[in-house]
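Student:
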Ligand code: GTQ
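In the numbering used here, the protein residues as written are 77 to 421.
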């Protein structure tokens with residue numbers, strides 16, 4: 077038996093004993109840099125909307141339960157995710173439909189794209205959905221959707237399920253009835269906390285890692301931008317970037333996801349940055365480009381863009397009007413684990 081054959085036999089034998097030689101795996105288990113399989117990708121709203129309307133016309137919620145097109149990153153198909161640790165989907169609901177109440181371990185939120193007359197009930201509080209509104213459904217909160225208007229309503233769903241499943245920490249339960257009873261005055265949490273500097277002192281909600289606010293209305297987001305006007309130059313990378321906050325802690329809205337919105341003036345050209353966090357961008361309105369690690373993607377109203385971790389991102393507004401971009405990232409997870417890094421590049 078030659079020396080080589082002996083080694084081959086040993087490698088085979090140690091593999092059968094469910095071990096592996098670290099010296100052959102070091103670069104894979106401790107890579108010098110993040111090596112995401114997620115890729116930069118843009119989903120055009122104009123491409124997807126006709127299909128959503130087709131399924132609205134042909135597929136009942138008794139069959140689909142949630143009528144959602146998942147945005148599946150070409151590099152993250154099994155299990156499907158939008159970027160590392162984050163999911164996005166486009167959901168459509170029609171007049172007189174209800175999407176049954178359930179709850180799950182995953183934290184979730186919705187960002188409304190178009191239509192009026194729908195509402196989500198979260199732990200007994202009915203919260204209206206208007207374009208540009210951000211609605212939270214933190215993990216473990218019962219939620220069902222209803223539609224009493226007369227036009228399709230479409231929103232972006234976001235969940236952290238890729239992370240929850242990677243940790244094998246999922247649960248899912250149906251509520252005992254199709255819809256929850258409304259036990260709290262409509263939209264109360266939003267009305268209580270929207271003033272920000274004056275919040276209830278009688279402690280209706282215990283401060284926790286998830287924001288107690290059901291809805292961050294677009295009207296307030298616009299007021300925040302209008303109040304700053306041109307007096308704030310914003311960040312060199314992302315313009316006038318505002319973070320949605322948990323009013324009780326000052327932290328991000330959910331323990332696993334931070335939500336932001338930025339305004340880019342016409343001609344804005346950001347400095348490129350890269351971060352260990354993955355993110356998803358949603359175009360509220362405007363036109364521009366996102367250069368992500370050498371790939372240039374153009375974007376327009378309601379498109380969605382996946383940004384992989386550590387990919388340099390450069391944003392430009394190429395249109396004639398202000399652009400508003402909503403975005404979310406897994407930065408809170410990375411910060412909690414002391415894994416967050418960012419650099420200009
Ligand atoms: O509307 O509750 O896109 O539970 C994925 C999972 C939407 C929802 C999704 C969900 C929902």
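In this text, a Cβ means the ideal position worked out from N, Cα and C, and glycines have one as well. No experiment lies behind these values; they were computed from the predicted model shown.
Are the CB atoms of residue 353 and residue 410 nearer to each other than 8 Å?
Tutor: Yes, the pair counts as a contact, with Cβ atoms nearer than the cut-off.
Student: What does a CB cutoff of less than 7 Å around residue 223 pick up in its chain, not counting 5 residues either side in sequence?
Tutor: Once the five neighbours on either side are set aside, the close Cβ partners of residue 223 are 169, 170, 171, 172, 173, 193, 194, 229.
Student: Report yes if the CB atom of residue 349 is closer than 8 Å to the CB atom of residue 388, and no otherwise.
Tutor: Yes, they are a contact pair.
Student: Might you give, ordered along the chain, the residues of its own chain that have their beta carbon closer than 6 Å to the beta carbon of residue 293, omitting 5 neighbours on each side?
Tutor: Only 209 meet the Cβ criterion.
Student: With DSSP as the reference, label residue 22 as helix, strand or coil.
Tutor: As shown, the chain starts at 77 and ends at 421. That puts residue 22 outside it, with no answer to give.
Student: In the DSSP assignment, what residue or residues form a beta bridge with residue 246?
Tutor: None, per the DSSP bridge assignment.
Student: With contact counted as at least three CB pairs below 8 Å, one residue from each stretch, are the stretch 122-139 and the stretch 382-402 in contact?
Tutor: Result no; under three Cβ-Cβ pairs closer than 8 Å.
Student: Quick one: is residue 77 buried, meaning 16 or more other Cβ sit within 10 Å of its Cβ, or exposed?
Tutor: Any answer about residue 77 is weak, because its pLDDT of 48 lies below 50 and its placement is not dependable; what the coordinates show is given next. Exposed, because fewer than 16 other Cβ atoms sit within 10 Å of the Cβ of residue 77.
Student: Could you give the DSSP three-state label for residue 344: helix, strand or coil?
Tutor: Three-state result, residue 344: coil.
Student: DSSP beta-bridge partners for residue 221?
Tutor: Per DSSP, 175, 196.
Student: Could you name the residues whose beta carbon sits closer than 5 Å to any heavy atom belonging to the ligand GTQ, keeping them in chain order?
Tutor: After applying the 5 Å Cβ criterion, the set is 142, 144, 165, 233.
Student: Which runs of the beta strand (DSSP E), 3 residues or longer, sit entirely within the stretch 325-400?
Tutor: Here the runs fully enclosed are 334-340, 349-351, 355-361, 364-368, 371-375, 380-383, 389-393.
Student: So who's on the other strand from residue 202, going by DSSP bridges?
Tutor: 197, per the DSSP bridge assignment.
Student: Sorted by chain position, which residues of the same chain lie with C-beta nearer than 7 Å to residue 297's C-beta, five sequence neighbours on each side aside?
Tutor: Excluding positions up to five away in sequence, the list reads 208, 337.
Student: Going by DSSP, name the residue or residues bridged to residue 233.
Tutor: DSSP lists 165, 186 as partners of residue 233.
Student: Assuming residue 277 and residue 324 are in contact, meaning their beta carbons sit under 8 Å apart, how far apart are those beta carbons, in whole angstroms?
Tutor: Actually they are not in contact, since the Cβ atoms of residue 277 and residue 324 sit about 11 Å apart, beyond 8 Å.
Student: Quick one: what's residue 94 bridged to in DSSP?
Tutor: Note: residue 94 sits in no beta bridge, so no partner.
Student: Once DSSP output is grouped into helix, strand and coil, what is the label at residue 286?
Tutor: Looking at residue 286 - three-state DSSP - the assignment turns out to be coil, as it is neither helix nor strand.
Student: What residue range does the beta strand (DSSP E) around residue 105 cover?
Tutor: It is not in any beta strand (DSSP E) - residue 105 instead sits in the alpha helix (DSSP H) that spans 102-105.
Student: Taking the alpha helix (DSSP H) that residue 407 belongs to, which residues open and close that run?
Tutor: That run of the alpha helix (DSSP H) goes 407-412.
Student: What do you get for residue 248, buried or exposed, if any count of 16 or more other CB atoms within 10 angstroms of its CB means buried?
Tutor: By the 10 Å Cβ count, residue 248 comes out exposed.
Student: Tell me which same chain residues have a C-beta within less than 7 Å of the C-beta of residue 159, skipping the five on either side of it?
Tutor: For residue 159, where only same-chain residues beyond five positions count, the Cβ hits under 7 Å are 114, 149, 354, 355, 356, 382, 383, 384.
Student: For residue 273, name the three-state secondary structure that DSSP assigns.
Tutor: Coil, per DSSP.
Student: Tell whether a beta-carbon distance below 8 Å holds between residue 239 and residue 153.
Tutor: No, they are not a contact pair.
Student: Answer yes or no: do residue 182 and residue 215 have a C-beta to C-beta separation smaller than 8 Å?
Tutor: For residue 182 and residue 215, yes; Cβs fall inside 8 Å.
Student: Quick one: residues in its chain with C-beta nearer than 6 Å to the C-beta of residue 132, no 5 flanking neighbours on either side, listed in chain order?
Tutor: Result list for residue 132: 168, 170, 228, in chain order.
Student: Rounded to a whole number of angstroms, what is the C-alpha to C-alpha distance between residue 161 and residue 412?
Tutor: Rounded to whole angstroms, residue 161 to residue 412 spans 15 Å at the Cα level.
Student: With H, G and I counted as helix, E and B as strand and the rest as coil, what does DSSP make of residue 404?
Tutor: DSSP places residue 404 in strand when its eight states are reduced to three.
Student: Roughly how many angstroms separate the alpha carbons of residue 405 and residue 100, rounded to a whole number?
Tutor: Computed Cα separation, rounded: 33 Å.
Student: Are the beta-carbon atoms belonging to residue 187 and residue 330 less than 8 Å from one another?
Tutor: Their beta carbons are not under 8 Å apart, which means residue 187 does not touch residue 330 by this criterion.
Student: Would you call the stretch 263-275 in contact with the stretch 196-205, where contact means no fewer than 3 C-beta pairs closer than 8 Å?
Tutor: They touch, by the three-pair rule.
Student: Report the three-state DSSP secondary structure of residue 292 (helix, strand or coil).
Tutor: The answer is strand: DSSP assigns residue 292 an E or B state.
Student: Could you tell me which residues DSSP puts in a beta bridge with residue 315?
Tutor: Residue 315 pairs with 311.
Student: As a quick exercise: from 314, 311, 318, pick the residue whose alpha carbon is nearest that of residue 303.
Tutor: That would be 318, whose Cα lies nearest to the Cα of residue 303.
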